[in-house]
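Structure first, commentary second.
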Amino acid sequence: MLTTTTADERIYGPARNVAPETVTGSQAIIRSLEELGVTDVFGIPGGAILPTYDPLMDSEKVNHILVRHEQGGGHAAQGYAMATGKVGVCFATSGPGATNLVTPLADAHMDSVPMVAITGQVNASVIGTDAFQEADIVGIATPVTKHTFLVTDADEIPRVMAEAFHIASTGRPGPVLVDVTKSAQTAQTTFSWPPKLGLTGYKPVTRGHAKQVREAAKLIAASHRPVFYLGGGIIKAEASEEFKALAEAVGAPVVNTLMARGAFPDSHPLNVGMPGMHGSVSAVAALQQSDLLITLGARFDDRVTGQLESFAPEAKVIHADIDPAEISKNRYADVPIVGSLKEIIPELATAVEDVFSNQERPDLGPWWTRLNRLVETYPLGWTEPEDGAIAPQKVIQKIGQASGPEGVYVAGVGQHQMWAAQFVGYERPRQWLNSGGLGTMGYSVPAAMGAAVGNPDRTVWAIDGDGCFQMTNQELATCAINGIPIKVAVINNSSLGMVRQWQTLFYESRYSNTDLNTALNPSGEQVVRIPDFVTLAEAYGCAGLRCERDEDIDSVIAQALEINDRPVVIDFVVSRDSMVWPMVPAGVSNSDIQVARNLTPDFDGEDD
Numbered sequence: 232m233l234t235t236t237t238a239d240e241r242i243y244g245p246a247r248n249v250a251p252e253t254v255t256g257s258q259a260i261i262r263s264l265e266e267l268g269v270t271d272v273f274g275i276p277g278g279a280i281l282p283t284y285d286p287l288m289d290s291e292k293v294n295h296i297l298v299r300h301e302q303g304g305g306h307a308a309q310g311y312a313m314a315t316g317k318v319g320v321c322f323a324t325s326g327p328g329a330t331n332l333v334t335p336l337a338d339a340h341m342d343s344v345p346m347v348a349i350t351g352q353v354n355a356s357v358i359g360t361d362a363f364q365e366a367d368i369v370g371i372a373t374p375v376t377k378h379t380f381l382v383t384d385a386d387e388i389p390r391v392m393a394e395a396f397h398i399a400s401t402g403r404p405g406p407v408l409v410d411v412t413k414s415a416q417t418a419q420t421t422f423s424w425p426p427k428l429g430l431t432g433y434k435p436v437t438r439g440h441a442k443q444v445r446e447a448a449k450l451i452a453a454s455h456r457p458v459f460y461l462g463g464g465i466i467k468a469e470a471s472e473e474f475k476a477l478a479e480a481v482g483a484p485v486v487n488t489l490m491a492r493g494a495f496p497d498s499h500p501l502n503v504g505m506p507g508m509h510g511s512v513s514a515v516a517a518l519q520q521s522d523l524l525i526t527l528g529a530r531f532d533d534r535v536t537g538q539l540e541s542f543a544p545e546a547k548v549i550h551a552d553i554d555p556a557e558i559s560k561n562r563y564a565d566v567p568i569v570g571s572l573k574e575i576i577p578e579l580a581t582a583v584e585d586v587f588s589n590q591e592r593p594d595l596g597p598w599w600t601r602l603n604r605l606v607e608t609y610p611l612g613w614t615e616p617e618d619g620a621i622a623p624q625k626v627i628q629k630i631g632q633a634s635g636p637e638g639v640y641v642a643g644v645g646q647h648q649m650w651a652a653q654f655v656g657y658e659r660p661r662q663w664l665n666s667g668g669l670g671t672m673g674y675s676v677p678a679a680m681g682a683a684v685g686n687p688d689r690t691v692w693a694i695d696g697d698g699c700f701q702m703t704n705q706e707l708a709t710c711a712i713n714g715i716p717i718k719v720a721v722i723n724n725s726s727l728g729m730v731r732q733w734q735t736l737f738y739e740s741r742y743s744n745t746d747l748n749t750a751l752n753p754s755g756e757q758v759v760r761i762p763d764f765v766t767l768a769e770a771y772g773c774a775g776l777r778c779e780r781d782e783d784i785d786s787v788i789a790q791a792l793e794i795n796d797r798p799v800v801i802d803f804v805v806s807r808d809s810m811v812w813p814m815v816p817a818g819v820s821n822s823d824i825q826v827a828r829n830l831t832p833d834f835d836g837e838d839d
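Be aware that the sequence shown starts at 232, since it is given in this note's numbering, and climbs by one per residue.
So this is what it looks like as structure tokens:
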């Protein structure tokens with residue numbers, strides 16, 4: 232017998248009624264989390280949230296992980312959500328505790344991550360008086376969240392909590408802030424479950440308009456140079472399997488953006504790579520020369536389009552997205568489809584098959600001949616460093632080979648992020664986590680921690696730079712104490728690598744304030760490492776390893792994989808002159824992509 236899940240069950244869990252009982256507002260918060268199925272929360276207590284930490288201690292269902300900084304708690308909630316698809320949850324106190332969550336909230340907002348942040352606030356009676364540790368976090372966070380709540384009445388807590396989770400996880404996912412005054416936390420109230428939602432105006436469209444789907448199918452059937460342009464929305468919609476069937480039915484090339492890595496397997500013959508500023512030549516060319524962009528859950532981000540006016544100049548656009556605000560925001564959509572990709576893609580597949588059954592399929596052979604030439608001529612690779620140091624790309628590639636597609640790979644932001652996107656093979660959704668839209672340095676270690684909590688049976692790698700690592704590495708203590716055995720690969724080029732690359736290319740190699748003194752000085756001589764990452768790791772209760780030679784890479788990675796009783800930090804000392812290629816310089820057309828310095832491929836013929 233086929234069973235279905237109702238909308239209420241998706242929010243509240245299996246249907247059940249909890250009889251009213253008298254509790255405090257804080258107890259209502261914890262009871263609400265339990266009823267919502269929350270099992271893990273990241274946070275740190277303080278005065279205004281302290282009343283809620285008391286009943287939390289009695290909960291047998293909610294595991295709290297004490298982080299070392301609220302930003303770490305926010306990124307951990309993100310990592311948990313991105314790796315599992317569930318809503319991530321974090322706690323913080325008022326004032327600086329809440330403001331420390333602004334960066335992860337903004338990050339989650341940019342990348343559509345379902346997350347609920349619960350913050351304490353000063354007593355309702357003193358709001359607006361500049362009370363101790365008072366900050367208008369609702370006002371501060373409103374521009375960088377999907378929604379915010381200020382709770383001053385304890386009776387509202389169950390309803391607000393249910394609404395917060397519903398908003399965070401439905402439609403286009405995103406972060407929701409629930410700010411609860413201390414007076415509401417300590418007040419007596421009556422708790423019952425489920426509450427009645429009051430979101431009468433919030434009704435995300437999930438099913439695509441049938442006429443628009445048919446029009447999209449007609450465009451696909453008439454196209455000779457179509458390309459599927461996948462964004463992170465396809466992972467959020469859990470629609471990868473449905474898309475694979477559509478892609479194979481159409482036979483068109485597929486490009487996965489940075490946020491969609493793993494949505495469609497890298498090993499699939501239809502996959503022509505990642506597009507964008509540091510995308511593959513074949514993927515950039517596929518978009519640039521197509522006559523039809525079948526855009527699914529992507530938002531025409533500037534890092535993908537380059538100079539927008541010159542992006543895919545001959546292409547018509549089908550744009551399907553859960554968020555109507557994204558349709559035609561940056562690029563006009565000839566056929567807009569608003570709804571969930573989980574429903575739209577099967578409908579589109581049926582419509583395409585109907586059209587194909589009544590007319591001859593277009594010949595995509597010449598299109599594939601062109602793209603296959605680019606795939607073969609311009610494969611991703613690297614040049615061995617002239618200074619004799621390790622190539623960072625090689626390190627990351629070997630990490631991916633060692634742990635395979637069942638591992639989880641979480642990158643910081645910078646050169647190592649792009650190399651991790653390029654040189655690890657992604658075969659499944661939620662295998663790859665990164666800060667895409669906001670580009671937050673310091674994301675990797677705490678996000679990996681959250682991913683590991685959500686996926687305790689998977690190997691989780693934090694691939695970080697020596698700059699990023701120093702922003703949030705205090706969460707290694709959290710990992711060590713809580714038995715969260717993440718593997719941290721510090722790609723240590725002793726500099727802010729991406730900034731240094733831009734200084735090399737566009738600022739006449741004037742390296743202003745990019746040397747970090749973590750491995751080598753500019754003359755290549757060994758210096759005192761500040762800090763010494765191996766010693767730092769050991770101080771945090773982790774295993775610390777260092778690799779400085781090519782011949783040691785495999786054995787050091789193998790050693791790290793054998794240690795599962797505590798976190799491992801590997802200091803990979805790599806060449807500081809390695810660069811990320813290909814590259815589309817800022818502000819130019821994607822047609823001007825460079826595969827090396829001053830080397831621009833001709834999409835249709837020989838190199839310039």
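Backbone N, C-alpha and C define an ideal beta-carbon position, used for all residues, glycine too.
Self-check item: Inter-residue CB distance, D808 and I621 (contact presumed, cutoff 8 Å)
Solution: For the purposes of this step, residue 808 is identified with residue 577 of the sequence shown, where counting begins at 1. For the purposes of this step, residue 621 is identified with residue 390 of the sequence shown, where counting begins at 1. In fact, because the Cβ distance is near 12 Å, the residues do not count as touching under 8 Å.
Quiz item: Helix or strand or just coil, what does DSSP make of T234?
Solution: Counting from one through the sequence shown, the residue named residue 234 turns up at place 3. For T234, the predicted model reports a pLDDT of 38, less than 50, meaning its position is unreliable; a value from the coordinates is still stated below. Coil at T234, not helix or strand.
Self-check item: Which listed residue (A789, F396, E557 and T703) has its alpha carbon closest to that of N331
Solution: Residue 331 sits at position 100 when you count from the first residue of the sequence shown. Closest by alpha carbon: T703.
Quiz item: What is the DSSP secondary structure of N665, counted as helix, strand or coil?
Solution: On the sequence shown, residue 665 is found 434 positions in, with the first residue counted as 1. Judged by DSSP in its simplified three-state form, N665 adopts coil rather than helix or strand.
Quiz item: If you count every other CB in all the chains shown that lies within 10 Å of the CB of K625, and 16 or more means buried, which is it?
Solution: Along the sequence shown, read from residue 1 onward, the residue named residue 625 stands at position 394. Label assigned to K625: buried.
Quiz item: What residue range is occupied by the uninterrupted alpha helix (DSSP H) comprising F474?
Solution: Mapped onto the sequence shown, residue 474 falls at position 243. Here the alpha helix (DSSP H) through F474 covers S471 to V481.
Self-check item: 4-residue-minimum alpha helix (DSSP H) runs that sit fully inside the region 488 to 553, ordered along the chain
Solution: Within the region 488 to 553, the alpha helix (DSSP H) runs of at least 4 residues that lie entirely inside it are, in chain order, 512 to 520 and 533 to 536.
Quiz item: Start and end of the alpha helix (DSSP H) containing C183?
Solution: This structure does not reach residue 183, given that the chain is present from 232 up to 839, and the question cannot be answered.
Quiz item: For F459, which residues does DSSP report across the bridge?
Solution: As a first step, residue 459 must be located in the sequence shown, where it is residue number 228. Bridge partners of F459: V485 and I525.
Quiz prompt | DSSP state of K467 mapped onto helix, strand, coil | solution = Reading the sequence shown from its first residue, position 236 is the one you call residue 467. DSSP, read as helix, strand or coil, puts K467 in helix.
Practice problem: Could you round the C-beta distance between L408 and F380 to whole angstroms and report it? I think they count as a contact, below 8 Å. | Solution: On the sequence shown, residue 408 is found 177 positions in, with the first residue counted as 1. On the sequence shown, residue 380 is found 149 positions in, with the first residue counted as 1. Rounded, the Cβ-Cβ distance is 7 Å, consistent with contact.
Quiz item: Can you tell me the Cα-Cα spacing of A393 and R456, whole angstroms?
Solution: Here residue 393 corresponds to residue number 162 of the sequence shown, with the count starting at 1. Here residue 456 corresponds to residue number 225 of the sequence shown, with the count starting at 1. If you take the alpha carbons of A393 and R456, they lie about 46 Å apart.
Quiz prompt | Span of the beta strand (DSSP E), counted from its first residue to its last, around N723 | solution = Taking the first residue of the sequence shown as position 1, residue 723 is located at position 492. According to the DSSP assignment, N723 belongs to the beta strand (DSSP E) that extends over K718 to N723.
Quiz item: With distances taken from CA atoms, which of A323, V269, P832 and A452 is nearest N589?
Solution: Position 358 of the sequence shown holds residue 589. Of the listed residues, the one whose Cα sits closest to N589 is A452.
Quiz prompt | Inter-residue spacing [alpha-carbon to alpha-carbon] between I447 and A582 | solution = Residue numbering aside, residue 447 sits at position 216 when the sequence shown is read from its first letter. Residue numbering aside, residue 582 sits at position 351 when the sequence shown is read from its first letter. In the sequence as displayed, the identity of residue 447 is Ala instead of Ile. If you take the alpha carbons of A447 and A582, they lie about 9 Å apart.
Self-check item: Every unbroken beta strand (DSSP E) inside the region 368 to 415 [3 residues or more]
Solution: Whole beta strand (DSSP E) segments, 3+ residues: 378 to 382 and 406 to 412.
Quiz item: For V826 versus P813, is the C-beta distance shorter than 8 Å?
Solution: Position 595 of the sequence shown, counting from 1, holds the residue named residue 826. Position 582 of the sequence shown, counting from 1, holds the residue named residue 813. At the C-beta level, V826 and P813 come within 8 Å of one another.
Practice problem: Would you check if there are 3 or more beta carbon pairs closer than 8 Å linking the region 316 to 332 to the region 347 to 354? | Solution: Judged by Cβ distances under 8 Å, the region 316 to 332 makes contact with the region 347 to 354, as three or more pairs qualify.
Quiz item: Apart from the five residues on each side of it in sequence, which residues of its chain come closer than 6 Å, Cβ to Cβ, to R828?
Solution: For the purposes of this step, residue 828 is identified with residue 597 of the sequence shown, where counting begins at 1. Nothing meets the Cβ criterion.
Quiz item: Start and end of the beta strand (DSSP E) containing V337?
Solution: Within the sequence shown, residue 337 is the residue found at index 106, counting from 1. One detail in the question is off: residue 337 reads as Ala in this sequence, not Val. No beta strand (DSSP E) contains A337, which is instead part of the alpha helix (DSSP H) from V333 to M341.
Quiz item: Is it the case that the Cβ atoms of V721 and I801 are separated by a distance below 8 Å?
Solution: On the sequence shown, residue 721 is found 490 positions in, with the first residue counted as 1. On the sequence shown, residue 801 is found 570 positions in, with the first residue counted as 1. Yes, the Cβ-Cβ distance between V721 and I801 is below 8 Å.
Practice problem: Look at the alpha carbon of G645 and the alpha carbon of S263, and state the distance between them as a whole number of angstroms. | Solution: Position 414 of the sequence shown holds residue 645. Position 32 of the sequence shown holds residue 263. Just so you know, the alpha carbons of G645 and S263 end up roughly 39 Å apart.
Quiz prompt | Segments assigned alpha helix (DSSP H), at least 4 residues, entirely inside the region 554 to 631 | solution = Here the runs fully enclosed are 572 to 589 and 596 to 608.
Practice problem: Could you tell me whether the Cβ atoms of L843 and L602 are closer together than 8 Å? | Solution: Here the chain has residues from 232 to 839 only, and residue 843 is not among them.
Exercise. Measure the C-alpha to C-alpha separation of H340 and S325 and round it to an integer number of angstroms.
Key: Taking the first residue of the sequence shown as position 1, residue 340 is located at position 109. Taking the first residue of the sequence shown as position 1, residue 325 is located at position 94. If you take the alpha carbons of H340 and S325, they lie about 21 Å apart.
Quiz item: Nearest-angstrom Cα distance between S414 and D285?
Solution: Within the sequence shown, numbered from 1, the residue matching residue 414 stands at position 183. Within the sequence shown, numbered from 1, the residue matching residue 285 stands at position 54. One C-alpha to the other measures close to 15 Å.
Quiz item: Would you report the Cα separation of A514 and I824, rounded to the nearest angstrom?
Solution: Residue 514 sits at position 283 when you count from the first residue of the sequence shown. Residue 824 sits at position 593 when you count from the first residue of the sequence shown. Each residue's alpha carbon lies about 11 Å from the other.
Practice problem: Would you mind working out which of V819, D833, D835 and F834 sits nearest M508, comparing C-alpha positions? | Solution: Taking the first residue of the sequence shown as position 1, residue 508 is located at position 277. It is V819.
Exercise. For L611, count neighbouring Cβ atoms within 10 angstroms of its own Cβ and tell me buried if that reaches 16, exposed if not.
Key: Within the sequence shown, residue 611 is the residue found at index 380, counting from 1. Buried, by the Cβ-count rule.
Practice problem: Check each candidate in M505, G685, S726 and S675 and name the one with the smallest Cα separation from G698. | Solution: For this step, residue 698 is matched to residue 467 along the sequence shown. Looking from the CA of G698, the closest CA among M505, G685, S726 and S675 belongs to S726.
Self-check item: Through-space distance from M729 to P753, alpha-carbon basis
Solution: Walking along the sequence shown from the start, residue 753 turns up at place 522. Walking along the sequence shown from the start, residue 729 turns up at place 498. At P753, the pLDDT of 47 sits below 50, so the modelled position is not reliable and the matter cannot be decided from this model.
Practice problem: Give the DSSP-derived three-state secondary structure of F273 in the structure shown. | Solution: Taking the sequence shown and counting its residues from 1, one reaches residue 273 at position 42. DSSP places F273 in strand when its eight states are reduced to three.
Quiz item: Which first and last residues belong to the alpha helix (DSSP H) in which I694 is found?
Solution: By one-based count along the sequence shown, residue 694 stands at place 463. Careful: I694 lies outside any alpha helix (DSSP H), inside the beta strand (DSSP E) at V691 to G696.
Quiz item: Going by DSSP, what residues sit across from L297 in a beta bridge?
Solution: Mapped onto the sequence shown, residue 297 falls at position 66. In DSSP, L297 forms a bridge with G274.
Quiz item: By how many angstroms is the C-alpha of S498 removed from the C-alpha of W598?
Solution: One-based indexing of the sequence shown puts residue 598 at position 367. One-based indexing of the sequence shown puts residue 498 at position 267. Going by the C-alpha atoms only, they are around 20 Å apart.
Self-check item: I349 - DSSP class collapsed to helix/strand/coil
Solution: Taking the sequence shown and counting its residues from 1, one reaches residue 349 at position 118. In the structure shown, I349 sits in a strand (DSSP, three-state: E or B).
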